[in-house]
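Colleague: Note that my numbering has the sequence shown beginning at 353, numbered continuously upward. Take this structure, written in C-alpha cells, and hold onto it; I'll ask about it next.
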Amino acid sequence: MPVVFRFFSVFPLWLLHVMGSAMGWVAFCASPAYRRRFLANSALAGYSFGAVRAAVAHAGRMVAELPRLWLGAPLPCGMSNEACVEQAYAAGRGIVFLTPHLGCFELSAQMAARHWSAVHGPITVLYRPARQPWLATVMATARNRPGMLAVPTTLSGVRQMIKALRRGEAVGLLPDQVPPEGQGVWSPFFGRDAYTMTLAVRLAQQTGAAVVLARCERLSWGRGFVTHFETLPAPLDERLEAAVLQINQAMEHLIRQCPEQYLWGYARYKQPRVEAAAGGAA
C-alpha cells in the first residue's frame, strides 16, 4: 500500500479530485448506514440534501488528495486574515489552532507551519495512530515534516502540547472529533448533545494560549486551497462546560461558512469508546 500511496502522490490535484468525487458518490450509494448518518446530521443542522449534496463528492476528494498531501509536492494554498495569527504569536503565549472536519483540514496545519514555524517554532498536532502498521508508518512520515511535530492521543502527547504552548509555540486540534470515554463532556452541537473533548479548552486555560479558528477551503477544478483564520469571538469561559459549548458553537460557525465541504457522514453523535490506558489525557 505505501507504493500505491506514492504512485498517486504525483497525480495532479484536479485528477485526484475527479477520482475522489466518484469515490464519494460510490460510498454514499453503497452504504445505507453512511447515507442515513449523512442525511440525519445535515438535517439536524437545518440543511436539505440539495444544499449539501456537494459534500458527498468533497468527502471523496478529501480521501483522494491524501497521497498528494502526505507524500507529494506542496499543494497550492493561499491564506486569509493571517493578521490574527500574527497578533496571537506576538502575545507570546502560544496558539491553539482549532479546525473541524471541514475541507482539507490537514492542510491548514501544514500551511501554518510553512508560514510561521521558521520564526515561532514547530506546530504540534495531535493524531490518533492508525491500526494498520503500513498506514501508521505513512502517517508518521507525512505528519512529522519540517515545521510540524505529530504527537499521539496519549498523556505523553498532551504533555508535549502543553510544553509547546508554554514555549510560545502552536498546537493544532480537531475539537469535533469524539474523544474516548472520560476525556470529554456532553455538549450541544447543532442542537443535539455530542460527546465533546475537553482537551482544547484545558490547553488554552492552563497555558493562557490564544485560540485561533481555521478552516481550509478546497477550490474548484483542482486550483488549490485557501486557509481562513479568525479569532474566537469571545474569551473562553472559566467554567469548563460553558467553554466547551463555546468551542462547539465556534465549530458550527466555521461549518456554516462552507457546509458543502463538511464531513456530514462523520459519526459525531456516537458513544465514546473506552480506552482504559488513556485516563487523564484530557
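Virtual Cβ for every residue (Gly too), placed ideally from N, Cα, C.
Would CYS568 pass as a contact of GLY424 if the rule is Cβ separation under 8 Å?
Modeller: Cβ distance not < 8 Å, so CYS568 and GLY424 don't count as in contact.
Colleague: Nearest to GLY444 by alpha carbon, out of PRO527, PHE363, ILE599 and ALA522?
Modeller: The option with the nearest alpha carbon to GLY444 is ALA522.
Colleague: Have a look at PHE449 and PRO531 and give me their C-alpha separation to the nearest angstrom.
Modeller: Straight-line Cα distance between these residues: approximately 17 Å.
Colleague: If you draw a straight line from the alpha carbon of GLY632 to that of VAL553, how long is it in whole angstroms?
Modeller: Because GLY632 carries a pLDDT of 41, less than 50, the predicted location of this residue cannot be relied on, and the following value inherits that uncertainty. If I take the Cα positions, the gap works out to 14 Å.
Colleague: What residues in its chain sit with their C-beta under 7 Å from that of GLN601, if we drop five residues either side in the sequence?
Modeller: No residues qualify anywhere along the chain.
Colleague: Just to confirm the assignment, what range does the beta strand (DSSP E) spanning TRP538 have?
Modeller: Note, TRP538: beta strand (DSSP E), 536–541.
Colleague: Check the DSSP bridge columns for GLY524 and list the partner residues they point to.
Modeller: Beta-bridge pairing links GLY524 to PHE449 and VAL477.
Colleague: In or out: GLU458 buried (at least 16 other Cβ within 10 Å) or exposed?
Modeller: The residue in question, GLU458, is buried, as its Cβ has 16 or more Cβ neighbours within 10 Å.
Colleague: Using the Cα positions of VAL626 and GLU533, report the straight-line distance between them to the nearest angstrom.
Modeller: One C-alpha to the other measures close to 5 Å.
Colleague: Use the C-beta contact count for ARG420: other C-beta atoms within 10 angstroms, 16 or more gives buried, fewer gives exposed.
Modeller: Under this definition ARG420 is a buried residue.
Colleague: Does DSSP put VAL471 in a helix, a strand or coil?
Modeller: Residue state, collapsed to three classes: helix.
Colleague: Would you call the segment 577–587 in contact with the segment 423–440, where contact means no fewer than 3 C-beta pairs closer than 8 Å?
Modeller: Judged by Cβ distances under 8 Å, the segment 577–587 makes contact with the segment 423–440, as three or more pairs qualify.
Colleague: When the Cα of ARG591 is compared with those of THR550, ALA395 and GLY372, which residue comes out closest?
Modeller: Selected option, being the one with the closest Cα: THR550.
Colleague: Could you please give me the residues that DSSP links to SER432 through a beta bridge?
Modeller: DSSP output for SER432 lists HIS580 as bridge partner(s).
Colleague: Measuring CA to CA, which of GLY574, CYS429 and TYR547 is closest to ILE599?
Modeller: The candidate whose alpha carbon is nearest that of ILE599 is TYR547.
Colleague: Do ILE607 and THR559 have their C-beta atoms within less than 8 Å of each other?
Modeller: Not in contact: ILE607 and THR559 (Cβ atoms no closer than 8 Å).
Colleague: Looking only at its own chain, which residues have a Cβ that is under 8 Å from the Cβ of GLU604, when we skip the five neighbours before and after it?
Modeller: The residues are ALA397, PHE541 and PHE542.
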